[in-house]
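> Protein chains in written order, with full-length UniProt numbering: chain A, 1 to 226; chain B, 1 to 226. Yeah, the Cβ is synthetic: ideal placement off N, Cα and C, and Gly gets one too. Note that the structure is a prediction, hence the values are computed from the model and not measured. This is the structure, below, for whatever I ask next.
Number of protein chains: 2
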Amino acid sequence: MTASPSTAPQTDGVTISRGEAARHRILSAAMEAFAERGFKAATTRQIAEAAGVNLPALKYYFGGKQGLYLACADEIARRYEARMNAPVTAAAEALEGPLSAPEARRHLKAVLGALAEQLMGDGDAGVWTAFALREMADQGPAFDMLYAQLWAPGIELTTALVARAMGEPAAPSEAARLRALTLITGLTAFSVARPVALRSMGWSELDAGRLARIRQAIADQIDAIG
Amino acid sequence: MTASPSTAPQTDGVTISRGEAARHRILSAAMEAFAERGFKAATTRQIAEAAGVNLPALKYYFGGKQGLYLACADEIARRYEARMNAPVTAAAEALEGPLSAPEARRHLKAVLGALAEQLMGDGDAGVWTAFALREMADQGPAFDMLYAQLWAPGIELTTALVARAMGEPAAPSEAARLRALTLITGLTAFSVARPVALRSMGWSELDAGRLARIRQAIADQIDAIG
DNA sequence: TCTGGACTATATCAATTGATACAGTCGAGC
DNA sequence: GCTCGACTGTATCAATTGATATAGTCCAGA
Chain A
1 MTASPSTAPQ
11 TDGVTISRGE
21 AARHRILSAA
31 MEAFAERGFK
41 AATTRQIAEA
51 AGVNLPALKY
61 YFGGKQGLYL
71 ACADEIARRY
81 EARMNAPVTA
91 AAEALEGPLS
101 APEARRHLKA
111 VLGALAEQLM
121 GDGDAGVWTA
131 FALREMADQG
141 PAFDMLYAQL
151 WAPGIELTTA
161 LVARAMGEPA
171 APSEAARLRA
181 LTLITGLTAF
191 SVARPVALRS
201 MGWSELDAGR
211 LARIRQAIAD
221 QIDAIG
Chain B
1 MTASPSTAPQ
11 TDGVTISRGE
21 AARHRILSAA
31 MEAFAERGFK
41 AATTRQIAEA
51 AGVNLPALKY
61 YFGGKQGLYL
71 ACADEIARRY
81 EARMNAPVTA
91 AAEALEGPLS
101 APEARRHLKA
111 VLGALAEQLM
121 GDGDAGVWTA
131 FALREMADQG
141 PAFDMLYAQL
151 WAPGIELTTA
161 LVARAMGEPA
171 APSEAARLRA
181 LTLITGLTAF
191 SVARPVALRS
201 MGWSELDAGR
211 LARIRQAIAD
221 QIDAIG
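Right, dumping it as structure tokens:
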């Protein structure tokens, strides 16, 4: 809203040019639209209107619909990494050395709890998640990138922790991999399948208390591993 | 391919009129297209071509794209019910009387095992599942119908069985409901998230042996309940 | 103040797509 | 063989939609 319209790199981080602001608004609107309707069904006109810009602005900033989609995926991967960073690095460091089963379980709870917060939160993260999960099923143009940057590292980490929780010392067994996958997938009950899950729980929304109880349920499952 | 072009009710079940055959082909093609691309992205032309009919035939038989979509949903619900019928009725009957925790676990394994077979099989059922799960996330025009006919009964049954497995006597607790939801959702690792799951397991496809091992992993989780 | 580039607004194109008008074909029964 | 209704083929419409050509506006720096 202020300052120069230049393209010069912003070392500041606070001052953003008018163009940067528009770019940001478009990105947000696009993430929301793609998350809600998918790549094909989301229209550039809707996105432009929601972002308060006109149609050619999308081409100007992102080259076109597909470029915008990929930019969304990239942004989402980076934001996800930022939000998951703390518990993930802690767990990864712990995995370097010998790790007892109880300690592994503790890290698992931290990592999956943080993930649950992302998956179920109705803030920005809910939108990112919907986007990512849609891409996971559709195998769209951003699949490889999201797989490499998000899913594969997450699954690997979870698998390693599950293996330790099961008392496996070295390379994780197939059983550990499967347990990690169903564990992670189970979290999506309240993101992908949220309408169904809420209705069957008799809930109209997810408040903090309910979220805590869901996390507790996940913790129980983690305690049952091994 | 044979017989009369009449609309008279077919009591036979084997003889189908030319129209019935076309209707069937359209339905199959539509389920596949909708499952793969979603309602909006699937085009009537693609469906017509895949079914070997021309465009107006869709309107003739189903009124239009939305009518076709709803017909698909209805067909899917009925086929699902047929395939799940045996273990579901057995479990439902068992729930009428007192049910020990081990017995409840046995029924749970039967019901969820059958469901897993549906969710992960690459036959027709895989297509139905993709359709249903897409509708679950999108809340499209068939949501209410699928919820009432498929998901709600399935969740209720699973919840009741989980509650018994946890030693709860009467009305299922919230914890039991949550466990049932994550249990069912965990199954979708190899349906919705199949591309990701396969890649992270290092598998290129799901053969019988792998499916059995997945079912075993689920059985382990069921044994860990309570 | 005036110039150049960053950014925006209007208008429009071409492709896609759901729908449909309308004329045809096919086969069974009279 | 004639008729009627079930079913199919051709052609086309109108709306949507991604893209873009073109002319403008705005602002900083010289």
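1. Terminal residues of the continuous alpha helix (DSSP H) containing T158(B)?
2. Under 8 Å Cβ-Cβ, which residues of chain A neighbour M31(B)?
3. Closer than 9 Å, CB to CB, is Q139(B) near chain A or not?
4. Residues of chain B with CB under 7 Å from E174(A), in chain order?
5. Determine the direct distance from the alpha carbon of F39(B) to that of Y69(B), and round the result to whole angstroms.
6. With DSSP as the reference, label P98(A) as helix, strand or coil.
7. Check each candidate in R79(B), A21(B), N85(B) and name the one with the smallest Cα separation from Y61(B).
8. Can you pull out the residues from the segment 188–215 of chain B whose beta carbon lies closer than 7 Å to at least one beta carbon of chain A?
9. The alpha helix (DSSP H) with E205(A) in it runs from where to where?
10. Go to I184(A), then tell me how far its alpha helix (DSSP H) extends in each direction, as first and last residue.
11. Assess, as a yes-or-no matter, whether the segment 192–212 of chain A is touched by the segment 199–207 of chain B under the definition of 3 or more beta carbon pairs within less than 8 Å.
12. Which residues in chain A sit within 7 Å of Q155(B), going by Cβ to Cβ distance?
13. Since R213(A) and E174(B) are thought to touch, with beta carbons under 8 Å apart, how far apart are those beta carbons, to the nearest angstrom?
14. Can you grab the Cα-Cα spacing for the pair V53(A) / I26(A), in whole Å?
15. Could you have a look at Q149(B) and say whether DSSP puts it in helix, strand or coil?
16. In the DSSP assignment, find the alpha helix (DSSP H) that holds I225(B) and state where it starts and stops.
17. Quick one: what's got a C-beta closer than 8 Å to I184(B)'s C-beta in the same chain, skipping five residues either side?
18. Quick check on the burial criterion: 16 or more other C-beta atoms within 10 angstroms. Buried or exposed for G167(A)?
19. Could you tell me which whole alpha helix (DSSP H) segments of length 4 or greater appear in the segment 97–136 of chain A?
20. Output needed for P87(B): all residues of its chain with C-beta closer than 8 Å, excluding positions within five of it in sequence on either side, in chain order.
21. Within the 9 Å Cβ cut-off, does G186(B) reach chain A?
22. Indicate whether at least one CB of chain A lies closer than 9 Å to the CB of A179(B).
23. Is G38(B) close to chain A? Criterion is C-beta to C-beta, closer than 9 Å.
24. Would you say I47(A) and L58(A) are within 9 Å of each other, going by their C-beta atoms?
25. Answer yes or no: does any C-beta atom of chain A fall closer than 9 Å to that of Q149(B)?
26. Just to confirm before moving on: does the CB-CB distance between D220(A) and R179(B) stay below 9 Å?
27. Hey, would you say the C-beta of A21(A) is under 8 Å away from at least one heavy atom of the ligand HEM?
28. For Q10(B), which residues of its own chain have a beta-carbon under 6 Å away from its beta-carbon, when the five flanking residues on both sides are left out?
29. In angstroms with no decimal places, state the Cα-to-Cα distance between L119(A) and P195(B).
30. Under the three-state reduction of DSSP, which class applies to P9(B): helix, strand or coil?
31. Please classify S191(B): does DSSP put it in a helix, a strand, or coil?
32. Please return the same chain residues whose Cβ sits closer than 7 Å to the Cβ of A197(A), not counting the five positions on each side in sequence.
33. Restricting to Cα atoms, I'd like to know which of A94(B), M31(B), R134(B) is closest to A165(B).
34. Can you tell me whether T53(B) is helix, strand or coil according to DSSP?
So, from the listed chains and residues:
1. 152–165
2. The contacting residues do not exist; M31(B) stays about 16 Å from chain A at best.
3. yes
4. R213
5. 7 Å
6. coil
7. A21(B)
8. T188, A189, V192, A193, P195, V196, A197, R199, S200, M201, R213, I214
9. E205(A) -> no alpha helix (DSSP H), and no H or E assigned at all.
10. 174–187
11. no
12. Correcting the residue type first, residue 155(B) is Ile in the shown sequence and not Gln. Ordered by position in chain A, the residues that pass the 7 Å Cβ test against I155(B) are S200.
13. 7 Å
14. 8 Å
15. helix
16. Per DSSP, I225(B) belongs to no alpha helix (DSSP H) and is neither H nor E.
17. L112, L115, G154, I155, T158
18. exposed
19. 101–120
20. H107, A110, V111, G113, A114
21. yes
22. It is Arg, not Ala, that sits at residue 179(B) in the sequence shown. At least one chain A Cβ lies under 9 Å of R179(B).
23. yes
24. yes
25. no
26. yes
27. Among the components modelled here there is no ligand, and therefore nothing to report on the ligand HEM.
28. Confidence is the limiting factor: at Q10(B) the pLDDT is only 37, short of 50, which leaves the residue's position unreliable, though a coordinate-based value still follows. Around Q10(B): no qualifying Cβ.
29. 19 Å
30. A caution first: P9(B) carries a pLDDT of 38, below 50, which makes its placement in the model unreliable, though a value can still be read off. Looking at P9(B) - three-state DSSP - the assignment turns out to be coil, as it is neither helix nor strand.
31. coil
32. A189, F190
33. A94(B)
34. The sequence given here places Val at residue 53(B); Thr does not occur at that position. Three-state result, V53(B): coil.
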